[in-house]
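S.K.: For the sequence shown, the numbering used here assigns the number 513 to the initial residue and increments by one for each residue that follows.
Ideal Cβ positions, reconstructed from N, Cα and C, are used throughout, including at glycine.
Only a predicted model underlies this, so the values are computations on that prediction, with no experimental measurement involved.
Dumping the structure here so I can ask a few things about it.
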Amino acid sequence: MAWKETEQEGVFSRHNGENETFTKLLGDAGLPLDREHWAINSLATIVVPTGAIVSADLTAHFRRAWAHLRFQHPSLSAEIPGFLETFSVANDANDANSSADVIKTFRPTPYAKLVYIPRSGELVGHTAHGRSEGLGVVLLLDAFLAIASESSLVDPALLVWGTEAVHLAPAIEYAASAPEESTPELQKHGAAVVAMFAYIVGALAIPYLGDAGTLPAATHAAQITFSKGTTEMIVADCKARGISVTAAVHASVAGAN
Numbered sequence: 513m514a515w516k517e518t519e520q521e522g523v524f525s526r527h528n529g530e531n532e533t534f535t536k537l538l539g540d541a542g543l544p545l546d547r548e549h550w551a552i553n554s555l556a557t558i559v560v561p562t563g564a565i566v567s568a569d570l571t572a573h574f575r576r577a578w579a580h581l582r583f584q585h586p587s588l589s590a591e592i593p594g595f596l597e598t599f600s601v602a603n604d605a606n607d608a609n610s611s612a613d614v615i616k617t618f619r620p621t622p623y624a625k626l627v628y629i630p631r632s633g634e635l636v637g638h639t640a641h642g643r644s645e646g647l648g649v650v651l652l653l654d655a656f657l658a659i660a661s662e663s664s665l666v667d668p669a670l671l672v673w674g675t676e677a678v679h680l681a682p683a684i685e686y687a688a689s690a691p692e693e694s695t696p697e698l699q700k701h702g703a704a705v706v707a708m709f710a711y712i713v714g715a716l717a718i719p720y721l722g723d724a725g726t727l728p729a730a731t732h733a734a735q736i737t738f739s740k741g742t743t744e745m746i747v748a749d750c751k752a753r754g755i756s757v758t759a760a761v762h763a764s765v766a767g768a769n
């Protein structure tokens with residue numbers, strides 16, 4: 513699963529890993545409905561001191577930072593097939609006021625996206641699960657912000673394009689040195705892991721309005737903000753029970769379902 517240069521100079525390829533194949537097959541199941549299952553969104557809000565930089569300059573700076581991120585993480589433009597990268601700006605009068613307006617418009621795309629929303633100061637990342645997962649997109653967003661925090665960036669055209677191939681990410685199975693051939697021990701362990709799904713019935717998926725014939729709608733975000741007193745009470749109760757707040761939230765979602 514290592515990357516190898518093809519007969520076309522400057523073009524590298526490798527076989528998909530099993531995890532990549534699984535997530536892509538699952539994601540593609542929604543394509544006939546113009547949806548993509550398991551697409552991942554990431555979000556960051558940028559707070560710029562008044563007068564520090566004008567919006568146009570900030571937009572141009574983000575574009576340069578996005579190109580630098582692509583140089584440092586060339587797998588952003590890997591095709592499975594057709595995966596590329598794009599940066600866009602929502603700044604017209606009829607465009608988005610917040611990330612909620614943008615996320616619900618996303619449709620299946622071969623591109624890894626980063627959308628800047630000047631009105632809310634938000635950056636929204638969007639990618640298919642076949643390219644990254646939840647923690648990965650947060651790490652990529654963190655890397656982007658680290659680049660963008662530099663006061664000046666070299667013109668991306670001056671980067672030594674073509675040398676970044678050494679940073680192409682391997683398949684996770686290759687990175688973890690997983691054996692290419694299964695063994696009885698691994699099969700037994702795999703069966704035990706699959707059996708654990710029986711314990712999470714109701715903990716996955718989200719209830720919806722309608723029936724089996726109801727088609728999936730756009731992705732929407734919702735949040736509840738607790739007061740300081742309520743938050744302190746929740747944290748104290750979790751500590752008294754010897755569980756994390758994260759575990760309590762997951763259990764609450766499962767219970768609500």
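Taking the alpha carbon of phenylalanine 574 as the point to measure from, which residue in Asp613, Leu721, Gln520, Gly633 has its own alpha carbon closest?
M.R.: Here the closest residue by C-alpha is Gly633.
S.K.: Is there contact between the segment 686 to 704 and the segment 607 to 616, where contact requires at least three CB pairs shorter than 8 angstroms?
M.R.: Too few Cβ pairs lie closer than 8 angstroms, so no.
S.K.: Within the continuous beta strand (DSSP E) that includes serine 554, where are the two ends?
M.R.: Element bounds for serine 554: 552 to 557.
S.K.: Relative to the C-alpha of alanine 838, which candidate in Leu651, Ser764, Glu521, His580 has its C-alpha closest?
M.R.: Since the first residue of the chain shown is 513 and the last is 769, residue 838 is not available in this structure.
S.K.: Please classify lysine 751: is it buried, with 16 or more other beta-carbons within 10 angstroms of its beta-carbon, or exposed?
M.R.: The residue is exposed, with fewer than 16 neighbouring Cβ atoms inside 10 Å.
S.K.: Is asparagine 531 near isoleucine 684, with beta carbons less than 9 angstroms apart?
M.R.: Closer than 9 angstroms, so yes.
S.K.: Quick one: any contact between the segment 544 to 560 and the segment 630 to 645, if contact means 3 or more CB pairs under 8 angstroms?
M.R.: With the cut-off at 8 angstroms, the segment 544 to 560 and the segment 630 to 645 touch.
S.K.: In this structure, what does DSSP give as the bridge partners for lysine 516?
M.R.: Paired residue(s): Ser525.
S.K.: What does a CB cutoff of less than 6 angstroms around glutamate 519 pick up in its chain, not counting 5 residues either side in sequence?
M.R.: Nothing listed; no residue qualifies.
S.K.: Looking only at C-alpha atoms, which of Val636, Arg619, Thr737, Gly522 sits nearest to isoleucine 558?
M.R.: Checked all of Val636, Arg619, Thr737, Gly522; the closest Cα to isoleucine 558 is Val636.
S.K.: Taking a contact to mean a Cβ-Cβ separation below 9 angstroms, would you say tyrosine 628 touches threonine 571 in this structure?
M.R.: For tyrosine 628 and threonine 571, yes; Cβs fall inside 9 angstroms.
S.K.: Applying the criterion that 16 or more other CB atoms from any shown protein chain within 10 Å of the CB defines a buried residue, is glycine 466 buried or exposed?
M.R.: Because residue 466 is not part of the residues shown, which for the chain are 513 to 769, the question remains open.
S.K.: Can you give me the Cβ contacts of valine 650 inside the same chain, cut-off strictly under 7 angstroms, excluding the 5 residues immediately before and after it?
M.R.: Taken in chain order, the residues that qualify are Ser554.
S.K.: So what's valine 705 in DSSP terms, helix, strand or just coil?
M.R.: Three-state DSSP puts valine 705 in a helix.
S.K.: Can you look up glycine 648 in the DSSP assignment and give me helix, strand or coil?
M.R.: If DSSP states are grouped into helix, strand and coil, glycine 648 belongs with the helices.
S.K.: Just tell me which of Arg576, Phe583, Ala590 has its CA closest to the CA of valine 666.
M.R.: Of the listed residues, the one whose Cα sits closest to valine 666 is Arg576.
S.K.: I'd like to check one pair, leucine 652 with serine 644: are the Cβ atoms closer than 9 angstroms?
M.R.: Yes, they are a contact pair.
S.K.: Which residue comes first and which comes last in the alpha helix (DSSP H) that contains valine 761?
M.R.: Counting along the chain, the alpha helix (DSSP H) containing valine 761 begins and ends at 757 to 768.
S.K.: Alpha carbon to alpha carbon, how far is glutamate 676 from proline 586?
M.R.: For glutamate 676 and proline 586, the distance between alpha carbons rounds to 6 angstroms.
S.K.: For threonine 639, which beta-bridge partners are listed by DSSP?
M.R.: The partner list for threonine 639 (beta bridge, DSSP) reads Ile552.
S.K.: Could you give the first and the last residue of the continuous alpha helix (DSSP H) run that contains tyrosine 711?
M.R.: Looking at the DSSP string, tyrosine 711 is not in any alpha helix (DSSP H), and its letter there is neither H nor E.
S.K.: Cβ atoms of phenylalanine 524 and leucine 671: under 9 angstroms apart, would you say?
M.R.: No, the pair does not count as a contact, with Cβ atoms beyond the cut-off.
S.K.: Based on the DSSP secondary-structure assignment, which residues constitute the bridge partners of glutamate 697?
M.R.: Glutamate 697 pairs with nothing; no bridge assigned.
S.K.: Which value, in whole angstroms, describes the spacing of the CA atoms of lysine 536 and asparagine 528?
M.R.: In a straight line, the C-alpha of lysine 536 is about 10 angstroms away from that of asparagine 528.
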